[in-house]
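**Student:** Handing you a structure now.
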Amino acid sequence: MIFEGKSKIGSLGILGIGTVSVVVRSEVGEEVLALKIRRTDANRPGMKEEVELTRLANRIGIGVRAVSHTKDLLLLEYIDYIELHAWFKSLRGPNRRAMAREILHRILNQCRKLDIMGLDHGQLSNLRKHIVVVNGFPYIIDFESASLNRTPKNVTTAAQYILIGGKMSALARRLVGVKKREVVLAALREYKETKSDVSYSHLLEELRLNSD
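Numbering of the sequence shown is given in our numbering, commencing with residue 16 and proceeding in unit increments.
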């Protein structure tokens, strides 16, 4: 294990810490990976369900790759990412609107795939650390609170955080070119009620993403 990262346990640097696990940078051979270690005070007996749901998302090209696991450990592909808000703030130049629209389109398409699968991420209503960016490509990460047993709300919760009520919403709306929140909210309500291809296409149309 390599004790480096912005989070700290005592004097040790780690990649992240949550209510269920801590994440440590690790090396297996010459490959750098991320190791999730279940906390002893976690509210679940093991990592099995998170492993299964992560691999389910992996099957449709979403999330970081699950490499291996035991009862209390989950070994994942390591990605050197930037948080979405920071990525939006970094955009400069004449192509920034196109870049912002492209990443929003990709995020919503990933969320749509999860909705169709019936897999609700569960933490996208505060997605600051759950949707990250690597070389302009978004990753939905951390499926520890995901479930197949509740109504999926990935598109609506992600869009509401990014464009309506989250920390980055004013910046994101300006970059994407959304002038009226009410129009977006109406399209999201329609999608929430039907979850149809038609209502999803209408949402993309209102966000001017369907031509990207």
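Every residue, glycine too, gets a C-beta built ideally from N, C-alpha and C.
Is the Cβ-Cβ distance between residue 37 and residue 17 less than 7 Å?
**Tutor:** Counting from 1 along the sequence shown, the entry for residue 37 is found at position 22. Counting from 1 along the sequence shown, the entry for residue 17 is found at position 2. The answer is no: Cβ separation not under 7 Å.
**Student:** I need the straight-line Cα distance from residue 34 to residue 50, nearest angstrom please.
**Tutor:** The residue given as residue 34 occupies position 19 in the sequence shown. The residue given as residue 50 occupies position 35 in the sequence shown. Looking at the two C-alpha atoms, the distance is approximately 15 Å.
**Student:** Only counting runs of 3 or more residues, tell me where the beta strand (DSSP E) segments fall wholly within the stretch 61-111, in order along the chain.
**Tutor:** Complete beta strand (DSSP E) runs here, min 3: 81-84 and 88-92.
**Student:** Quick check on the burial criterion: 16 or more other C-beta atoms within 10 angstroms. Buried or exposed for residue 45?
**Tutor:** Start at 1 with the first residue of the sequence shown, and residue 45 comes out as number 30. It counts as exposed.
**Student:** Report all residues from its chain with a CB closer than 6 Å to the CB of residue 121; omit the five preceding and five following residues, and keep chain order.
**Tutor:** On the sequence shown, residue 121 is found 106 positions in, with the first residue counted as 1. If we look at residue 121 and ignore the five residues flanking it on each side, its Cβ neighbours are 153.
**Student:** From the DSSP output, which residues share a beta bridge with residue 135?
**Tutor:** As a first step, residue 135 is located in the sequence shown; it is residue number 120 there, counting from the start. Its beta-bridge partners are 162.
**Student:** Residue 223 to residue 88, Cα distance in whole Å?
**Tutor:** Taking the first residue of the sequence shown as 1, we reach residue 223 at position 208. Taking the first residue of the sequence shown as 1, we reach residue 88 at position 73. Each residue's alpha carbon lies about 42 Å from the other.
**Student:** Taking the beta carbon of residue 170 as the centre, do at least 16 other beta carbons fall within 10 Å, making it buried, or is it exposed?
**Tutor:** Working through the sequence shown from its first residue, we reach residue 170 at position 155. Residue 170 should be labelled buried.
**Student:** Any heavy atom of the ligand GDP within a distance shorter than 6 Å of the CB on residue 167?
**Tutor:** You won't find the ligand GDP in this model; it holds no ligand whatsoever.
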